[in-house]
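Peer 1:
Numbering (my numbering), first residue to last: 6 to 199.
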């Protein structure tokens with residue numbers, strides 16, 4: 006049987022249910038008796054070291070990898086579905102890895118933040134979204150007004166690193182109207198050349 010590969014990207018802000026959707030798709034593939042492997046970056050150890058865990062406590066076992074090439078180190082020949090959580094934390098080579106997996110006839114399901122806390126496209130996400138066969142963008146709920154949220158508001162003061170692994174103690178979901186960014190890090194629309 007010939008398998009047709011594909012790339013599905015689930016994206017959105019913190020607390021939008023990206024990992025929950027990834028787990029839902031993984032479980033459906035398992036019900037269909039497809040061999041599934043789940044990968045996560047070693048940097049993400051918030052809830053569990055070797056499981057992908059959603060904010061709603063849903064969990065699946067995962068292979069922890071340090072970089073994108075490690076996926077091939079652990080990949081089994083019989084795997085039909087490859088799920089990758091927190092894909093924004095991977096190196097730029099993840100684009101080539103995902104393309105190669107899809108070109109081998111595997112279904113790739115990737116979940117991650119599309120924007121960092123400064124609302125800048127996060128790591129490899131712009132290219133990944135461009136090559137995806139399907140993009141599923143999820144919104145969260147704004148913690149200020151209850152409207153749909155598309156931003157991850159960092160609430161920790163003083164840490165300006167792009168990567169700060171955290172959850173409710175460090176982030177809130179916000180709509181565009183209630184999203185705030187420290188002006189020292191923000192470019193106003195007049196600063197951008199088009």
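Just so you know, even glycine gets a beta-carbon here, dropped at the ideal spot from N, CA and C. Keep in mind that this is a model prediction, so the values were computed, not measured.
Whole angstroms is fine: what's the gap from residue 136's alpha carbon to residue 160's?
Peer 2: Roughly 32 Å separates the two Cα atoms.
Peer 1: With a 10 Å radius around its C-beta and 16 neighbouring C-beta atoms as the bar for buried, classify residue 21 as buried or exposed.
Peer 2: The residue is buried, with at least 16 neighbouring Cβ atoms inside 10 Å.
Peer 1: Consult DSSP for residue 161 and reduce its assignment to one of helix, strand or coil.
Peer 2: Residue state, collapsed to three classes: coil.
Peer 1: Does DSSP classify residue 71 as helix, strand or coil?
Peer 2: The answer is coil: DSSP assigns residue 71 none of H, G, I, E or B.
Peer 1: Cβ of residue 116 within 8 Å of Cβ of residue 133?
Peer 2: Going by C-beta atoms, residue 116 is not nearer than 8 Å to residue 133.
Peer 1: On the CB-based measure, 16 or more other CB atoms within 10 Å of its CB, does residue 180 come out buried or exposed?
Peer 2: Classification of residue 180: buried, given that the 10 Å Cβ count is 16 or more.
Peer 1: Can you confirm whether the segment 73-88 touches the segment 104-113 when touching is taken to mean that 3 or more C-beta pairs between the two stretches lie within less than 8 Å?
Peer 2: Touching, per the Cβ criterion.
Peer 1: Am I right that residue 80 and residue 42 are in contact with their C-beta atoms under 8 Å? What's the rounded C-beta distance?
Peer 2: About 7 Å; that satisfies the 8 Å criterion.
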